[in-house]
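2 is the number of the first residue of the sequence shown in my numbering; add one for each residue after it. For glycine and all other residues, C-beta sits at the position ideal for the given N, C-alpha and C. Predicted model, so just to flag it, every value in this text is computed and none were measured. The structure appears below as structure tokens.
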Amino acid sequence: LHIEGLWLHGEDLAEGIDIDTRKADTPLQSVMQFENVRFENSHGRPEESKSYTAAHVMHPDLIQNWGGPTYYRIDRMTGSAHYQGFMIQPIQFNALAKTEIADWRNVNLSKFGPSGYLVYKTSSGTDSILLSDVYFKPYQAGTITVFPQNDPALRQAYSGEPAGGDFVKANSTGGVGVAGMNYISPGYKESSGVLLNKSTLILSGVGSTEQLIATVTDSNIANKKIAWSVVGDSSVANVAQTGLVTVLSTGTTTIRAASIENPLVYADCTLYAYIQPTGMVISESNVNLIGIGTTKELTAQVQPVGATYQAVNWISSDPSVATVSNTGVITAVGYGSTTVRVFSVTDSVYNSMCTITVLDLADTTVPSWPKGSTLTASGTTQTGTTLIWTPANDYVGVERYKILKDEVEIGTVSGSILTYNVTGLIANSTYNFKVEAGDTAGNWSTNGPSSSVETDRKKNNNNNNPIGGTTQTTPTVTQIQDKITTTPVLDSKTGEAKTNVEAKTMTDAFTQAKADATGTKTISVEVAKVEGAKAYNTTLPASVFTATTATQRVELRTDLGNVIIPSNMLSNASLGAAREINVTISSADKSKLSDAVKAHIGTRPVIEINLTADGKKLEYNNADAPVIVSIPYKPSAEELKNPEHIIVSYIDGQGKVLSVPSGRYNAVTGMVTFTTTHFSHYAIAAVYKSFSDISDYAWAKNEIVVMASKGIINGTSEKTFVPGESITRADFTMLLVKALSLSAKIDSSFQDVSKDAYYYEAVSIAKKLGIINGQGDNKFNPSEKISRQDMVVIIARAMKVAKKVTTISTDKGLDGFKDKGNIASYALSDVALMVNEGLVKGSNEMMNPLANTTRAEAAVLMYKIYNK
């Protein structure tokens with residue numbers, strides 16, 4: 002269908018052109034061509050229309066598809082509308098969408114409203130778009146939405162007006178002007194005799210592929226076979242004789258499908274090959290500016306370096322503190338802190354940030370020591386000792402401690418470390434030690450705590466060797482009650498500090514340890530810090546960790562991180578004849594990580610935990626014996642504003658980053674702590690997720706954002722959460738397992754829960770732990786919506802398994818609910834318990850036990866449970 006010379010105008014014009022090809026008899030290969038078309042004053046909304054009422058609210062589109070033709074062409078079009086522009090693929094009828102090619106040339110559009118869009122293409126659309134000389138000018142700059150924003154073809158439109166004015170001008174009496182008359186569109190031509198399923202192809206990344214399909218339609222050609230070739234730049238792509246296109250490099254080329262019988266009968270496809278961004282790297286993560294007007298230039302690099310689209314945008318979260326130019330120049334305009342983020346223009350998912358702090362004057366205040374501060378020595382030997390001190394205070398934060406021996410500095414440690422291992426001492430000697438604190442501005446205290454330490458006497462071994470001046474060659478171990486302190490030996494070649502704790506020492510410590518309320522005994526193994534150590538390798542007796550139950554725990558503490566190991570950790574491991582295991586905590590080599598992972602982590606720490614036996618790697622993967630890991634971390638000032646967004650990421654063997662939901666920052670310990678059932682690489686990160694549809698849910702907004710940032714709950718897309726939608730039984734169970742970090746060895750699942758289902762593991766864990774029992778015939782009905790009372794029953798069981806119940810069940814807690822009688826008898830006790838725990842509340846004196854649970858309600862409950 003070819004339409005030419007059309008003028009649509011009028012104050013009450015509700016829509017432009019609607020294309021409806023949903024009928025079953027629509028040709029499979031339909032072509033729609035518009036040429037020389039002018040729209041004027043399309044309104045549609047009641048506030049901009051005199052005759053339309055609220056019952057006739059329209060969202061006027063200049064062109065909207067309902068099903069869509071296969072080929073959709075526009076040449077020479079001018080339009081103005083007070084709402085929206087083009088819709089390529091329909092929202093409601095995706096299954097019937099047929100558009101494969103949209104080719105627009107010489108188009109200028111204007112006057113789009115605040116929520117309008119230039120082009121709307123559904124994310125499931127499979128069409129290709131080719132724009133040439135397309136211009137748009139909205140009412141207000143920045144109010145146009147081009148959806149999806151990361152579609153490379155849509156970025157070929159220009160903001161503004163064509164230099165020669167409207168492509169289709171109105172004449173003096175209205176209608177389409179002579180400028181559009183007698184114009185032959187270069188894009189309109191008869192069929193070439195070969196039908197190609199796509200005339201434009203956009204692929205991202207070297208090695209990406211796409212299958213093209215061509216058909217000979219010329220009835221005069223008997224041989225219907227196709228010969229495929231690259232008639233443009235052959236370095237960009239190649240094409241197999243099956244029509245499979247493979248990208249070789251970035252650039253543009255042409256793929257041709259020709260008749261074998263008559264090569265002059267052909268169809269071409271233009272290929273655009275580009276490299277998709279994978280991350281963003283910023284030059285600095287923290288900057289302090291002294292005084293108003295101070296500037297600092299930051300640089301950023303889209304990753305990978307060879308990405309096709311390198312353009313970035315800069316933005317400051319608080320321009321009243323500091324502004325940022327489009328070249329990354331920061332200017333201090335007020336005192337305080339702000340976050341500057343840099344985004345990839347093609348996809349804002351790829352971004353990085355820098356915390357900017359503007360100070361009135363240079364920081365000249367030295368750190369202070371609270372009254373009663375102490376410096377003590379532990380595990381003193383003939384040649385060494387371990388110093389331990391109480392923390393100092395600083396209004397910005399203590400960055401480092403320096404240790405002095407007899408008034409001479411011998412070493413420094415980070416502000417989160419409160420111990421220091423001293424070596425190279427002389428036996429039977431007295432030393433005076435002192436510790437001082439320093440901040441980021443270089444201010445150091447002078448009144449830190451001190452201590453006098455006397456080393457052990459050297460035993461007479463009649464070897465006539467002089468006393469002192471020896472190098473420690475074996476680790477030292479001291480056991481006092483339930484605490485073991487050890488000084489490792491550094492291997493200068495590997496950077497690994499090694500120590501060994503014998504079985505008898507461990508047994509003595511457990512004997513003197515006191516059991517907690519659950520009957521579990523915990524001992525600590527404190528590994529002293531060694532300067533220059535990149536890893537700490539601790540040898541422990543294997544027998545301590547092969548029990549069938551977790552009645553004992555060992556807390557291994559190093560300056561890189563702590564690990565609390567249960568006594569049943571290796572109950573499912575094959576140790577063979579090994580009597581000892583080695584636990585290694587090391588600072589991971591970030592250079593081996595991908596650019597995207599580096600951008601995700603930034604300057605934050607990454608540790609690697611490994612387990613070996615007899616020198617061979619020992620796989621720890623025991624769902625019945627989770628380990629608790631803590632990593633020292635000093636958050637930035639910006640992170641401290643929202644510490645709930647500090648998370649832990651697990652980096653798997655393929656370099657993929659996965660969220661560890663249990664990861665959280667503890668301000669008291671200065672550590673980020675999480676649980677895991679396997680050892681690998683773990684990194685600290687800061688994630689700030691949000692959704693565009695939760696602004697009306699103020700009572701749940703923070704909970705939704707925090708739970709999403711921690712990877713406990715997901716949106717329905719990157720930008721939407723759909724808070725009012727009811728949640729299913731499977732999804733709720735999965736959230737609960739994540740929020741409580743529940744784990745168990747899976748033996749079986751329900752008959753209607755497939756192993757391929759995304760919720761299989763979570764549902765199976767919940768079944769194993771007795772949290773869910775199904776609904777008869779070993780069925781769970783995972784897709785069924787969950788009622789509020791069933792939700793509460795599941796929560797109560799999970800809280801008991803996690804040992805987080807602190808009250809007892811009493812029906813008195815339900816007396817305030819008018820619909821108490823509607824609660825099923827099987828749920829009454831659990832509902833009362835969760836009300837007493839403060840986890841469940843009603844609304845307007847109603848519990849609404851039979852109502853479905855919404856996604857927003859589920860997020861709020863998960864937040865409460867997570868922080869219980």
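> Going by other Cβ atoms of all chains shown within 10 Å of its Cβ, with 16 needed for buried, is A668 buried or exposed?
Replying inline: exposed
> Quick one: what does DSSP say I648 is sitting in, helix, strand or coil?
Replying inline: strand
> Quick one: what does DSSP say D509 is sitting in, helix, strand or coil?
Replying inline: The answer is helix: DSSP assigns D509 an H, G or I state.
> On the three-state DSSP scale, how would you describe A870?
Replying inline: Examination of residue 870 is not possible in this model, given that the chain is present from 2 through 869 alone.
>> One question on the structure: do I586 and L541 come within less than 9 angstroms of each other, judged by their Cβ atoms?
In response: no
>> Classify M281: buried if its beta carbon has 16 or more other beta carbons within 10 angstroms, exposed otherwise.
In response: buried
>> Please identify the residue among G252, Q790, S691 and L197 whose C-alpha is closest to the C-alpha of D219.
In response: L197
> When the Cα atoms are used, what is the spatial distance from K51 to L840?
Replying inline: Residue placement at K51 is flagged as unreliable, the pLDDT there being 43, under the threshold of 50; the coordinate-derived value follows with that caveat. Using only the alpha carbons, I get a separation of about 52 angstroms.
> For I582, which of helix, strand or coil comes out of DSSP?
Replying inline: strand
> How about Q34 and I4: do their beta carbons lie closer than 9 angstroms?
Replying inline: For Q34 and I4, yes; Cβs fall inside 9 angstroms.
> Going by alpha carbons, who is nearest to R580 out of Q513, Q655, I796 and N501?
Replying inline: N501
> Are I647 and M863 touching if we call contact CB-CB under 9 angstroms?
Replying inline: Annotated as distal: I647 and M863, with beta-carbon spacing of 9 angstroms or more.
> Alpha carbon to alpha carbon, how far is Y621 from I566?
Replying inline: 11 angstroms
> Which same chain residues, not among the five before or five after E162, have their C-beta less than 8 angstroms away from its C-beta?
Replying inline: N109, S111, Y136 and K138
> Who are the Cβ neighbours of A767 in its own chain at under 8 angstroms, not counting the five residues just before and after it?
Replying inline: T734, L737, V738, L743, I773, I795 and A799
> V32 to T201, Cα distance in whole Å?
Replying inline: 15 angstroms
> Who are the near neighbours of H679 in its chain, counting only those whose CB is closer than 7 angstroms to its CB and skipping five residues on each side?
Replying inline: Excluding its 5 nearest sequence neighbours in each direction, H679 has C-beta neighbours in its own chain below 7 angstroms: Y621 and N622, listed in chain order.
> Are there three or more Cβ pairs, one per stretch, closer than 8 angstroms when the stretch 530-547 is compared with the stretch 585-604?
Replying inline: yes
>> Mapping the DSSP letters down to three states, classify W370 as helix, strand or coil.
In response: coil
> A504 bridges to which residues according to DSSP?
Replying inline: None; A504 has no bridge partner.
> Can you tell me whether DSSP reads D104 as helix, strand or coil?
Replying inline: strand
>> My assumption, with CB atoms under 8 angstroms, is that K786 sits in contact with S844. Please give the rounded CB distance.
In response: Contact flag wrong, Cβ pair sits at about 18 angstroms.
>> Measuring only the C-alpha atoms, how far is T251 from Y273?
In response: 8 angstroms
> Around the C-beta of E846, are 16 or more other C-beta atoms found within 10 angstroms, so that it is buried, or is it exposed?
Replying inline: exposed
> What are the start and end residues of each continuous beta strand (DSSP E) run of 3 or more residues lying completely inside the stretch 400-430, in chain order?
Replying inline: 409-415 and 420-423
> With a Cβ-Cβ cutoff of 9 angstroms, do V887 and L491 count as a contact?
Replying inline: In the structure displayed, the chain extends from 2 to 869; residue 887 sits before or after that span and is not available.
>> Here's the rule: buried if 16 or more other CB atoms are within 10 angstroms of the residue's CB, otherwise exposed. What is H57?
In response: A caution first: H57 carries a pLDDT of 43, below 50, which makes its placement in the model unreliable, though a value can still be read off. Exposed, since its Cβ has fewer than 16 Cβ neighbours within 10 Å.
>> Nearest by alpha-carbon distance to L265: which of K702, E858, K435 and V195 is it?
In response: Residue V195 is the option with its Cα nearest to L265.
> From Y402 to T413, what distance separates their C-alpha atoms?
Replying inline: Their Cα atoms are separated by approximately 5 angstroms.
> Is DSSP giving R554 helix, strand or coil here?
Replying inline: R554 falls in the strand class under three-state DSSP.
>> Can you find the residues in the same chain that come closer than 7 angstroms, C-beta to C-beta, to A686, ignoring five residues on each side of it along the sequence?
In response: H601, I602, R605, I648 and S650
> With K869 and K805 assumed to form a contact (beta carbons below 8 angstroms), what rounded beta-carbon distance in angstroms separates them?
Replying inline: 5 angstroms
> Going by the beta-carbon positions, is the gap between P636 and Y666 smaller than 9 angstroms?
Replying inline: yes
> Got a sec, what are the start and stop residues for the alpha helix (DSSP H) L834 sits in?
Replying inline: S826 to N837
> Closest by CA to F511, which one among N779, D517, K522 and S430?
Replying inline: K522
> Which ranges does the beta strand (DSSP E) cover as unbroken runs of at least 3 residues, wholly within the stretch 529-575, from first to last along the chain?
Replying inline: 536-542, 553-558 and 563-567
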